[in-house]
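Numbering (full-length UniProt numbering), first residue to last: 1 to 199. Note that CB positions come from ideal geometry on N, CA and C, so glycine has one too.
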């Protein structure tokens, strides 16, 4: 994680409004989280769940309102910007080197999602589920305090759902923060998410 215990992760969203293509997608959104907490963003397709995560990460400017946070943010949206022509291993190593992640930590994270047998395969040959697992590996092995996970369960089988939930619980137990969008019910032992319904 990017922070010591003396400086826990925090996030405050106040009266956030966001426009997309001339349409008001997010209107007066408020949310406050501290380290160890998780928010579950719910709502139908097109209600602004992904837009909210992109606003928090800074990829989309807010039309109005304020977002303040303390900590390092990582956005997972199923596309980890992995070089399509590289092998999975080399594509992940590229980002690990940029983020100063030790090789053994990357290997452990890849093992969590069972990537061992596909590390030599070019990224462009991955299935949807394999690509999701590779993208999640990049997220969980990083130093980010705040994980923004956009539909991370898509393409995952029951085993990998359990692995992701375990990684989330460890991150929260260590003082990290998670904001997750999902159409699926989220059941993680001893974790009660704050629900933000955009319906």
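- Taking C-alpha positions only, residue 162 is separated from residue 40 by approximately 17 Å.
- Secondary structure remark: continuous alpha helix (DSSP H) runs of at least 4 residues inside the segment 52-132, in chain order: 88-98 and 103-112.
- Scanning the segment 152-195 from its first residue to its last, the whole beta strand (DSSP E) runs of 3-plus residues come out as 177-181.
- Taking all protein chains shown into account, residue 51 has 16 or more neighbouring C-beta atoms within 10 Å of its C-beta and is therefore buried.
- Your pair residue 9 and residue 146 checks out as a contact, with CB atoms roughly 6 Å apart and the cut at 8 Å.
- Counting of Cβ neighbours within 10 angstroms places residue 61 among the exposed residues, the total staying below 16.
- Boundaries of the beta strand (DSSP E) harbouring residue 14: 10-20, taken from the DSSP string.
- In this structure, residue 122 lies away from residue 151, with their beta-carbon atoms at least 8 Å apart.
- DSSP places residue 27 inside the beta strand (DSSP E), whose first and last residues are 23-34.
- Sorting 58, 93, 65 and 63 by C-alpha distance to the C-alpha of residue 72 places 58 at the top.
- In the three-state DSSP reduction, residue 148 falls in the strand class (E or B).
- Put simply, the backbone Cα of residue 198 is about 23 Å away from that of residue 165.
- Cβ atoms of residue 101 and residue 142 come within 8 Å of each other, at about 6 Å.
- Around the Cβ of residue 21, a 10 Å sphere holds fewer than 16 other Cβ atoms; the residue is exposed.
- About 6 Å separates the beta carbon of residue 129 from that of residue 156, a gap short enough to meet the 8 Å contact definition.
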